[in-house]
Amino acid sequence: MNGIGSGSVNLEIVVRSTEIDVNGHVNNAKYLEYLEWGREEWYERSGLAYETFLAMGIQTVTVNININYRKECRQGDRLLITTEAERAGSTSYVLKQVIVNQAGERCGDALVTCVAMDAQARTSRPLPEELRRHFPEQS
């Protein structure tokens, strides 16, 4: 996938009653969980399951999430979480994520930065090619 990334991956969910806060909408912390579910789906569909990372001798850790809350979500809303490879650095990478509701309204979006960490030394290390190939080439 050199130069073209692995495209976007979609995950559909329905907002459940247990995700609603005292204000009658999805709590801000739950958006972060939705994004995590979307990233897990992206990893799985990209052939990057946890076991694959361990075989490469790495783990990945989230080091920054820059999120914009655009519109409240309510119980019963059908949400689409889209995750795509944005860019890769030497030891880190950024995933772009968007949450839209059934009306096509953007409820949130985020840029999530993750770092490749050596599973034994617990320090950052260069991204393995197996991971880097999912990101567009930088010019």
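So our numbering is basically just the index in the sequence shown, starting at one, shifted up by 5. By construction, the Cβ of each residue, glycine as well, lies at the ideal position given by its N, Cα and C atoms.
Spatial neighbours of residue i in its chain, beta-carbon cut-off 7 Å, leaving aside the 5 residues before and after
| i | result |
| --- | --- |
| Leu16 | Trp42, Gly43, Glu46 and Ile86 |
| Ser129 | Thr96, Val120, Ala121 and Met122 |
| Glu135 | Met61 |
| Gln64 | Phe58, Met122 and Ala124 |
Residue i - containing beta strand (DSSP E), residue span
| i | result |
| --- | --- |
| Thr57 | No beta strand (DSSP E) contains Thr57, which is instead part of the alpha helix (DSSP H) from Tyr55 to Met61. |
| Asn15 | Ser13 to Val19 |
| Ile86 | Arg83 to Ala93 |
Whether residue i touches residue j by CB criterion (8 Å)
| i | j | result |
| --- | --- | --- |
| Gln102 | Leu59 | no |
| Ala124 | Gly62 | yes |
Same chain only: Cβ atoms within 8 Å of residue i, ignoring 5 sequence neighbours per side
| i | result |
| --- | --- |
| Ile70 | Leu37, Leu40, Ala115, Leu116, Val117 and Thr118 |
| Arg21 | Gln80 |
| Ile25 | Val31, Asn32, Arg79 and Gln80 |
Limits of the alpha helix (DSSP H) - the one that residue i falls within
| i | result |
| --- | --- |
| Arg50 | Asn33 to Arg50 |
Beta-carbon proximity list for residue i, same chain, < 6 Å, skipping 5 on both sides
| i | result |
| --- | --- |
| Ser13 | Thr87 and Glu89 |
| Cys112 | Arg75, Lys76, Cys78, Ile104 and Asn106 |
Which runs of the beta strand (DSSP E) fall wholly inside the region 104-137 and span at least 3 residues, in chain order?
111-123
So, do the region 48-58 and the region 104-111 have three or more beta carbon pairs nearer to each other than 8 Å?
no
Determine contact between the region 93-101 and the region 76-85, defined as no fewer than three beta-carbon pairs at a distance below 8 Å.
no
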